[in-house]
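>
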Amino acid sequence: MSTAVSTVADRTAPSPLTGAWRAFTLQLALYKHIWHGTVFTSVLLPVLYMVSVGIGVGAYIDPASIGGLTYAEFIAPGLICSVAVMMLGNDMVFPVFGGYHEWGGHYLAQRATPLRPIDILNGHLAYSVIFRPFTNCTIVAIVMAFFGVYTSWWAALSVVAAALVSASLAPWLHFWASSLKNDANLNMIFRFAVMPISLFSGVFFPASEMPGFLQPLVWLSPLWHGTELARAATADVAPALWPAAHIAYLVALAVAGWFIARRVIQRRLNF
Amino acid sequence: MPIHNEILARAVDLRKSYGEHEAVRGVDFEILRGEAFGFLGANGAGKSTTMRMIGCVSQPTSGSLEVFGRDPRTEGAAIRARLGVVPQDNTLDGMLTVFENLVVYAGYFGIKKKDAREKAAELLDFVQLTPRAKDQVSELSGGMQRRLAIARSLINDPDLVILDEPTTGLDPQARHLVWERLFQLKQRGVSILLTTHYMDEAEQLCDRLVVMDEGRIIAAGSPRELIDTHVTKEVVELRFGPAHTTELAELSLTLTGVGAQIESLPDKILVYTDDADDTNAALDARDIRPTSMLARRATLEDVFLRLTGRALVEDET
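Line by line, the protein sequences are chains Y and H.
According to our numbering, the first sequence holds residues 1003 to 1273 in order.
According to our numbering, the second sequence holds residues 7 to 323 in order.
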């Protein structure tokens, strides 16, 4: 509409990076409305875990059984990565499913603009894989510092490990939430994925203590790989595999997940 | 009315299939700059599918479609950068405020924040929502949400605004408010493309329209041309107490000659005539006494009925 205020809209197709950034701005705007809720996940929850489990339960645990670390030192890196998984549960399930439906509809709204399905996917992933870990997990990592669980500044890399865990899981969750036709099964992801992954990934006890037949499941868990990397950063202990192997596994999961998520969002947003 | 002869969108034998189902079965049309163009039809007629193809969110199965002289198959994003879309479901973000909805949406078009804020304020004024700027969208009534969706569609100064069923689900007062805003847009020379199954909406807003039925265009022209071409000037509606479908069909046989054409519906008989007074006189002369009689001018509803043998409302759910 030619009106008094004439906007300088870009009349061309955005580049993939620009498209993703524009889609990401919606998540930023929404985050301004919910950031106070994340105080619980990023500050209060880690404090509660560290006090009750790290220090309380830790009093009964022999450091020799966990590689000479205090129990607080042992669980801190895993908790940083666990928060990343927990946030994914919030960011990549209902908000993705709702994007295609009337009660959310943000993907449908974005689709009517120059943004392409791939931009919409990348914008949402950027929020979950970059923004959330590097803000909220950083806060968790800082909170952990007050418990004296770090051996060096390398501990900062635990946030990168958390981001890698997010990257490896986020596109798969996006794919799953995009594939569902109704919301009745949305909560299943918490019961059958988020919860088991959080409990059986070597966060609270060494994965080697798990029964042998469950070991392969542990190796599949992205959180286990992330926790191994994060623990190497915070406590200077050697991870189970070469760091490059842990990273390669997480990156491979992320890339495979991205392709499959892209396929589904393109199908859902082309009518 | 069109102020230029520039063609904004052109379709030739455009088709869209979903598996075995052919939703759009070879339609041809041209939409000109400055005009309000309508797709009229019942639910399932193929008008929303056609709109989605013009909006570049649905790929044609076959045929040719150009929007702004470009191919939606390969240049969808660049075309959408010049479109404004008001979807049937609004798709506003309920967690954001009214103002934020506009500013965030502006960002999708690469509009700088400062410009977006100024434009958002102006558009809220246009749709009379300035006092609600800081409210969350979920607090707005259906009519307000639709007006906000219209404002949002204008954020990028679009060359063509697409409205899919703009007043469906709104109460009469809200409908009129929306119509009034859309009429103002027309006055400002904005090109509008809308789908509707409301005849009065099409008559009030559209310079030109096509009537769609079962995926095909069955008539095209201005509302007046369609009425002049397909029906008589006036229609007399006759009701006969409790008489219903079968009785009315039998009664209609006795009415031959009282008008140009007789149409029997489940609850009334329509007599198409060029002079309602003559029809009244003819009914009196045959001593036919309906319990109620209403003479009115012919509308697009009558055109649709004549062309398809069905009333639009039959298809509403």
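Ideal Cβ positions, reconstructed from N, Cα and C, are used throughout, including at glycine.
Cα-Cα, which of Y:A1237, Y:T1014, Y:G1039 and Y:L1166 is closest to S1223 of chain Y?
Residue Y:L1166 is the option with its Cα nearest to S1223 of chain Y.
> Can you give the Cα-Cα distance for D165 of chain H and S258 of chain H, rounded to whole angstroms?
So the two alpha carbons sit approximately 50 Å from each other.
> Please go through the same chain and pick out, in chain order, the residues whose beta-carbon is closer than 6 Å to the beta-carbon of A1164 of chain Y, but skip the five residues on each side of it.
Here the set comprises I1082, C1083, A1086, P1135 and C1139.
> Consult DSSP for E322 of chain H and reduce its assignment to one of helix, strand or coil.
Note that E322 of chain H has pLDDT 39, beneath the 50 cutoff, so the model's placement of it is unreliable and no number is given.
> Taking a contact to mean a Cβ-Cβ separation below 9 Å, would you say L98 of chain H touches R158 of chain H in this structure?
In this structure, R158 of chain H lies closer than 9 Å to L98 of chain H by Cβ.
> Is it true that the CB of L1028 of chain Y sits closer than 9 Å to the CB of G100 of chain H?
No.
> Can you have a look at I192 of chain H and say buried or exposed, based on whether 16 or more other CB atoms are within 10 angstroms of its CB?
In the sequence on display, residue 192 of chain H carries Lys and not Ile. Answer is buried; the Cβ neighbour count reaches 16.
> Can you check whether the C-beta of A1111 of chain Y is within less than 9 Å of a C-beta belonging to chain H?
Cβ-Cβ to chain H under 9 Å: yes for A1111 of chain Y.
> Hey, is A1179 of chain Y's beta-carbon within less than 9 Å of any beta-carbon in chain H?
With 9 Å as the cut-off, A1179 of chain Y does not count as an interface residue toward chain H.
> Have a look at Y:D1185, Y:A1250, Y:G1106 and Y:S1203 and flag the residue whose alpha-carbon is nearest the alpha-carbon of A1169 of chain Y.
Selected option, being the one with the closest Cα: Y:A1250.
> Alpha carbons only, please: which of H:A42, H:T67, H:G40 and H:S54 is nearest the one belonging to E26 of chain H?
The candidate whose alpha carbon is nearest that of E26 of chain H is H:T67.
> Give a yes or no on contact between the stretch 58 to 75 of chain H and the stretch 16 to 26 of chain H, applying the rule of three or more CB pairs nearer than 8 Å.
Yes, the stretch 58 to 75 of chain H touches the stretch 16 to 26 of chain H.
> Determine, using beta carbons only, whether A1011 of chain Y and N162 of chain H come nearer to each other than 9 Å.
Cβ distance < 9 Å, so A1011 of chain Y and N162 of chain H count as in contact.
> Of the residues H:P93, H:R153 and H:A83, which one's Cα is nearest the Cα of V104 of chain H?
Residue H:R153 is the option with its Cα nearest to V104 of chain H.
> Restricting to Cα atoms, I'd like to know which of H:Q210, H:N49 and H:D177 is closest to D29 of chain H.
The question names Asp, but residue 29 of chain H in the sequence shown is Ala. When only C-alpha atoms are compared, the closest one is H:N49.
> Does T251 of chain H pass the burial test, meaning 16 or more other C-beta atoms within 10 Å, or should it be called exposed?
Answer is exposed; the Cβ neighbour count stays below 16.
> Looking at chain Y, is there any beta carbon in it that lies within less than 9 Å of the beta carbon of T314 of chain H?
Not closer than 9 Å to any Cβ of chain Y, the Cβ of T314 of chain H fails to qualify, so no.
> Which partner residues of Q964 of chain Y appear in the DSSP bridge assignment?
Because chain Y in this structure spans residues 1003 to 1273, residue 964 of chain Y falls outside the shown range and cannot be described.
> Would you list, in sequence order, the uninterrupted alpha helix (DSSP H) runs of no fewer than 4 residues that lie entirely inside the stretch 44 to 84 of chain H?
53 to 60, all fully within the stretch 44 to 84 of chain H.
> Suppose contacts are defined by Cβ-Cβ distances below 9 Å. Is A1111 of chain Y in contact with Y111 of chain H by that definition?
A contact, by the Cβ cut-off of 9 Å.
> Within 10 angstroms of its Cβ, does F1177 of chain Y collect 16 or more other Cβ (buried), or is it exposed?
Answer is buried; the Cβ neighbour count reaches 16.
> Taking M1197 of chain Y as the reference, give the member of Y:M1089, Y:V1055, Y:G1060 and Y:G1056 with the closest Cα.
Among Y:M1089, Y:V1055, Y:G1060 and Y:G1056, the Cα nearest to that of M1197 of chain Y is on Y:M1089.
> Buried or exposed: which applies to W1217 of chain Y, given that a residue is buried once 16 or more other Cβ atoms fall within 10 Å of its Cβ?
Checking the sequence, you will find Gln at residue 1217 of chain Y rather than Trp. It is exposed - the Cβ of Q1217 of chain Y has fewer than 16 other Cβ atoms within 10 Å.
> Give, in chain order, every residue of the stretch 1226 to 1244 of chain Y whose Cβ lies closer than 8 Å to some Cβ of chain H.
Correct list: empty, as no residue qualifies.
> If you count every other CB in all the chains shown that lies within 10 Å of the CB of K125 of chain H, and 16 or more means buried, which is it?
Counting Cβ neighbours within 10 Å, K125 of chain H comes out buried, since at least 16 surround it.
> Looking at the structure shown, is Y1102 of chain Y part of a helix, part of a strand, or coil, going by DSSP?
Coil at Y1102 of chain Y, not helix or strand.
> Using DSSP with H/G/I as helix, E/B as strand and the rest coil, what is V357 of chain H?
As displayed, chain H neither begins before 7 nor continues past 323, which places residue 357 of chain H out of reach and without an answer.
> Establish whether the CB of N96 of chain H and some CB of chain Y are separated by less than 9 Å.
Yes, N96 of chain H counts as interfacial toward chain Y.
> Could you name the residues of the same chain whose beta carbon sits closer than 6 Å to that of M205 of chain H, not counting the 5 residues immediately before and after it, in chain order?
For M205 of chain H, where only same-chain residues beyond five positions count, the Cβ hits under 6 Å are T305, L306 and E307.
> Over what stretch of residues does the beta strand (DSSP E) that includes M299 of chain H continue unbroken?
Counting along the chain, the beta strand (DSSP E) containing M299 of chain H begins and ends at S298 to R303.
> Counting only beta-carbon separations shorter than 9 Å, does E72 of chain H have a partner in chain Y?
Judged by the 9 Å Cβ criterion, E72 of chain H is not in contact with chain Y.
> Classify P197 of chain H as buried or exposed, calling it buried when 16 or more other Cβ atoms lie within 10 Å of its own Cβ.
It should be pointed out that residue 197 of chain H corresponds to Ser in this sequence rather than to Pro. Looking at its Cβ environment, which holds 16 or more other Cβ atoms inside 10 Å, S197 of chain H is buried.
> In the DSSP assignment, find the unbroken alpha helix (DSSP H) run with L1175 of chain Y in it and report its ends.
Element bounds for L1175 of chain Y: L1159 to S1181.
> Which same chain residues end up closer than 8 Å to T323 of chain H when comparing Cβ atoms and leaving out the 5 residues on each side of it in sequence?
Confidence in T323 of chain H is poor, its pLDDT being 37 and thus under 50, which makes the residue's placement unreliable; the coordinate value appears in the next sentence. Same-chain partners within the cutoff: N49.
> If you draw a straight line from the C-alpha of Y1033 of chain Y to the C-alpha of G1039 of chain Y, how long is it?
Each residue's Cα considered, the two are about 10 Å apart.
> Consult DSSP for T174 of chain H and reduce its assignment to one of helix, strand or coil.
Correct three-state label for T174 of chain H: coil.
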